[in-house]
Amino acid sequence: MIKIKNLVKNYQSGANVVHALKGISVDIDSGEFTAIAGPSGSGKTTMLNIIGCIDSLDNGTVLIGDKDIGTMQKLEKSYFRRENLGFIFQSYNLIPVLTAYENVAFPLNLLGLPEKEIKPRVMQILKEVGLEGMEDRIPSKLSGGQQQRVSIARALVKNPQLVLADEPTANLDSNTGREILDLMLEMNRKHKTTFIFSTHDQMVMECAKRLLYLHDGEVIRDERRE
Amino acid sequence: MLFLINLAWKNLTRHKRRTIITSIALAFGLMLFIIMDSLLIGALEQSNINLIDSETGDGKILTPMAFEDLKFMPLSNRVKNPSEIISIVESLGAKASKRVNVSAEMIYTEDYFPKAGATPILLTGVDLESDNNVFKIFNEKSLVDGRFMSKGSDEVVIGSWLAEDIGAKVGSVFTLAVKTAADGDDPGYFQTIDVEVVGIINVSSPMVNRRVVYYPLDMADFNLELNDSVTEVAVRLPLGEKLENFNTKVEELLPEGYEFYTWREIGADYLALTEAKSGGSSIIIFLVIIIALVGITNTMLMTINERQQELGMMRALGMSDSNIRKAFILEAAGIGFIGSVVGVLLGCLLNIPMVNTGINFGPYLRDADMGYRISTYMYGIWNIKTIFSAFFLGLVIPVIVGIYPTKRAIQKSIPDCIYGR
Numbered sequence: 001m002i003k004i005k006n007l008v009k010n011y012q013s014g015a016n017v018v019h020a021l022k023g024i025s026v027d028i029d030s031g032e033f034t035a036i037a038g039p040s041g042s043g044k045t046t047m048l049n050i051i052g053c054i055d056s057l058d059n060g061t062v063l064i065g066d067k068d069i070g071t072m073q074k075l076e077k078s079y080f081r082r083e084n085l086g087f088i089f090q091s092y093n094l095i096p097v098l099t100a101y102e103n104v105a106f107p108l109n110l111l112g113l114p115e116k117e118i119k120p121r122v123m124q125i126l127k128e129v130g131l132e133g134m135e136d137r138i139p140s141k142l143s144g145g146q147q148q149r150v151s152i153a154r155a156l157v158k159n160p161q162l163v164l165a166d167e168p169t170a171n172l173d174s175n176t177g178r179e180i181l182d183l184m185l186e187m188n189r190k191h192k193t194t195f196i197f198s199t200h201d202q203m204v205m206e207c208a209k210r211l212l213y214l215h216d217g218e219v220i221r222d223e224r225r226e
Numbered sequence: 001m002l003f004l005i006n007l008a009w010k011n012l013t014r015h016k017r018r019t020i021i022t023s024i025a026l027a028f029g030l031m032l033f034i035i036m037d038s039l040l041i042g043a044l045e046q047s048n049i050n051l052i053d054s055e056t057g058d059g060k061i062l063t064p065m066a067f068e069d070l071k072f073m074p075l076s077n078r079v080k081n082p083s084e085i086i087s088i089v090e091s092l093g094a095k096a097s098k099r100v101n102v103s104a105e106m107i108y109t110e111d112y113f114p115k116a117g118a119t120p121i122l123l124t125g126v127d128l129e130s131d132n133n134v135f136k137i138f139n140e141k142s143l144v145d146g147r148f149m150s151k152g153s154d155e156v157v158i159g160s161w162l163a164e165d166i167g168a169k170v171g172s173v174f175t176l177a178v179k180t181a182a183d184g185d186d187p188g189y190f191q192t193i194d195v196e197v198v199g200i201i202n203v204s205s206p207m208v209n210r211r212v213v214y215y216p217l218d219m220a221d222f223n224l225e226l227n228d229s230v231t232e233v234a235v236r237l238p239l240g241e242k243l244e245n246f247n248t249k250v251e252e253l254l255p256e257g258y259e260f261y262t263w264r265e266i267g268a269d270y271l272a273l274t275e276a277k278s279g280g281s282s283i284i285i286f287l288v289i290i291i292a293l294v295g296i297t298n299t300m301l302m303t304i305n306e307r308q309q310e311l312g313m314m315r316a317l318g319m320s321d322s323n324i325r326k327a328f329i330l331e332a333a334g335i336g337f338i339g340s341v342v343g344v345l346l347g348c349l350l351n352i353p354m355v356n357t358g359i360n361f362g363p364y365l366r367d368a369d370m371g372y373r374i375s376t377y378m379y380g381i382w383n384i385k386t387i388f389s390a391f392f393l394g395l396v397i398p399v400i401v402g403i404y405p406t407k408r409a410i411q412k413s414i415p416d417c418i419y420g421r
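Following this line, the structure appears as structure tokens:
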């Protein structure tokens, strides 16, 4: 599903050039539940951002399906993200003025779907993430775990090919983090959605079916688990 | 689009206090715009009417030399055959009245006044039978005390502010010192006339209230040796007649050496002054609106800075830049809409008493000459064009000022927005 070949990304930091990714090559199959782990500054978020088409690459190729994201224009990337990708952020990034329902419906609104199609899909996914009955609550009336569930529902509601999660449990206590991880695993099983997430949490790494360990912009370990 | 409108509305209600304060700033600016415009145009229109009614009529027939010397009012350039001129004017359907205007000195003593002194005045000899055909001076409404002067007597009527300034009352007697008409080799001489104040008037023109002494025309003719000549024939056009049309017609009929000057020509200095005042006031209104707009820009910048992460998320989820732009512009338009509705409503509500009751500027106008020919109440007017302009400006300008902060928001990369870099 995802073919990354010789991916290079450099950043300018003052007078210095930071080599964030130094020629990474990796393939990720459809339906995989992959963790990208590594210490701070190892390049995991950069890699996630490039796969998620929200950052540009300097060299190499990244194919998602048959799309070469390195050649896409800004607007094309925007449409691609809208139709094919789901995002889960560390700090949830929900729209504070919208209810749980409206936050989950947001990606479907961007797709221009009619409300009669949006409603059953949103209600169904909210039920699946365990937020039935909470659809009218705004984010500030939800706990951190509940907000991340809304975020997961928002990522999955459009049945994307790929969900990218940047340290999805980092802001949660260990129990809630475990619940969220189990939920993501269940969604991965149920919807066959490909999940790629960054983490430096040992518990999360242990749950991943595949672990890519990055250090100084290079993959130093690639483990597959059953 | 409905989704974007809903989002914009919810964001507006998210920071209610900020939205309200910004909208109120805009509303206040628009309200002032409506009120000031109403008062300024109202004052200008009213002032022009008062100038016509009290000082100039719709125009005057003068000699060109007299027009040049209007400020000094000598008696050397006169209309020698006023009856003929009046007949011409009346043949065109207009009304006319002859007047003598001359600069004079008013000398008063402690016999009748609290203090002795002298003050420069404008002595106006009026034809009591026809003056009301052109001017609106000699009526019950304007008479504060006493009565109007009688033909053939040394009686005068003076303005109320002049009376207050020198302590004149009905029955007070003072002396007028005025130079008689100069003719050919005769340079004229200074004539002194003792006159009795029989009436005190208050009219809408501060100039009349402050400076004019009215004297019967026949007595002016006799004492100033005018030999039936006058300094001007004032004209009042029939309703609906245009000045330009009348001017063309009357110029063809007037004897050589006389011209018709419109009230705009006679009051050119006054008009220039009031227009300059209006320009200055417009700048103040403009500044008030600019302050309101700076408030909106600031609010939009704050809003966008606070929502960087949210913006990054929305863009990551595939919201296009054009939709982001629309969402923020809708927010700005929302502030503009609230501000416009409130501003126009407040402006109109406040304008009702301005139009119906007016504001009494009498105490200020009495002591300071503002240039306007208004001595008491200033009234507003309903200027529909301004009201619509205010509403339109309130809607459009926030949208325009919202473009820059929105552009700034979109320029940042998505990761920079999400990670608050």
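Read top to bottom, the protein sequences are chains A and B.
Those letters in the first sequence? Residues 1 to 226, per our numbering, in order.
Those letters in the second sequence? Residues 1 to 421, per our numbering, in order.
Note that the Cβ used here is the ideal one computed from N, Cα and C, for glycine as well.
Query	Result
Consider the Cβ of A316(B): report whether some Cβ of chain A lies at a distance smaller than 7 Å.	yes
CB E310(B) to CB I95(A), shorter than 7 Å?	yes
Can you tell me which of N159(A), E218(A), L85(A) and E117(A) puts its alpha carbon nearest to the alpha carbon of G318(B)?	L85(A)
By DSSP's criteria, A234(B) is part of a beta bridge. Which residues make up the other side?	K60(B) and S97(B)
With a threshold of 7 Å between beta carbons, is R14(B) in contact with chain A?	yes
Please classify E135(A) as buried or exposed, where buried requires at least 16 other C-beta atoms within 10 Å of its C-beta.	buried
Per DSSP, R221(A) forms a beta bridge with which residues?	Y213(A)
At least one CB of chain B closer than 7 Å to the CB of R81(A): is that the case?	yes
Can you check whether the C-beta of L110(A) is within less than 7 Å of a C-beta belonging to chain B?	yes
With a threshold of 6 Å on Cβ separation, who are the neighbours of K192(A) within its own chain once the five nearest residues in sequence on each side are excluded?	G31
So, at 7 Å on beta carbons, what are the nonlocal neighbours of G339(B) in its own chain, with the 5 sequence-adjacent residues on each side left out?	S23, L26, A27, L30 and G394
Can you tell me whether M65(B) is buried or exposed, with buried defined as 16 or more other CB within 10 angstroms of its CB?	exposed
Could one say the Cβ of F328(B) lies closer than 7 Å to chain A's Cβ atoms, at least one of them?	no
Do K158(A) and P114(A) come within 7 Å of each other at the CB atom, strictly closer than that value?	no
In angstroms with no decimal places, state the Cα-to-Cα distance between K22(A) and L183(A).	33 Å
Output yes if chain B places a C-beta closer than 7 Å to the C-beta of P168(A); else output no.	no
What residues of chain A sit near F388(B), judged by a beta carbon separation below 9 Å?	Chain A residues near F388(B): none, gap ~33 Å exceeds 9 Å.
So with CB distances below 7 Å, who are the chain A contacts of P415(B)?	N49, I54 and D55
Under 9 Å between beta-carbons, which chain A residues line up against E310(B)? List them in chain order, please.	N93, L94, I95 and P96
Using beta-carbon positions only, say whether V150(A) and K10(B) come within less than 7 Å of one another.	no
Tell me where the beta strand (DSSP E) around I88(A) begins and ends.	L85 to I88
For chain A, is any of its Cβ atoms less than 7 Å away from the one on N305(B)?	no
Short of 8 Å Cβ to Cβ, which residues in the region 292-303 of chain B face chain A?	none
Leaving out five residues before and five after L224(B) in sequence, what residues of the same chain have Cβ atoms less than 6 Å from its Cβ?	T180 and A181
Please report how far the alpha carbon of R17(B) lies from the alpha carbon of V396(B), in whole angstroms.	22 Å
Note down, in chain order, each residue of its chain lying with its Cβ closer than 7 Å to the Cβ of K506(B), except the 5 sequence neighbours on either side.	There is no way to answer for residue 506(B), as the model of chain B reaches only from 1 to 421.
Straight-line CA distance for L123(B) to E68(B)?	19 Å
Does the distance from the CB of D27(A) to the CB of K9(A) come in under 7 Å?	no
Need the endpoints of the beta strand (DSSP E) that F174(B) sits in, please.	V173 to K179
With contact counted as at least three CB pairs below 8 Å, one residue from each stretch, are the region 331-350 of chain B and the region 69-86 of chain A in contact?	no
State the CB to CB distance for the pair N93(A) and N59(A), rounded to an integer number of angstroms; the pair is presumed to be in contact (CB under 8 Å).	No, N93(A) and N59(A) are not in contact; Cβ-Cβ is about 30 Å, not under 8 Å.
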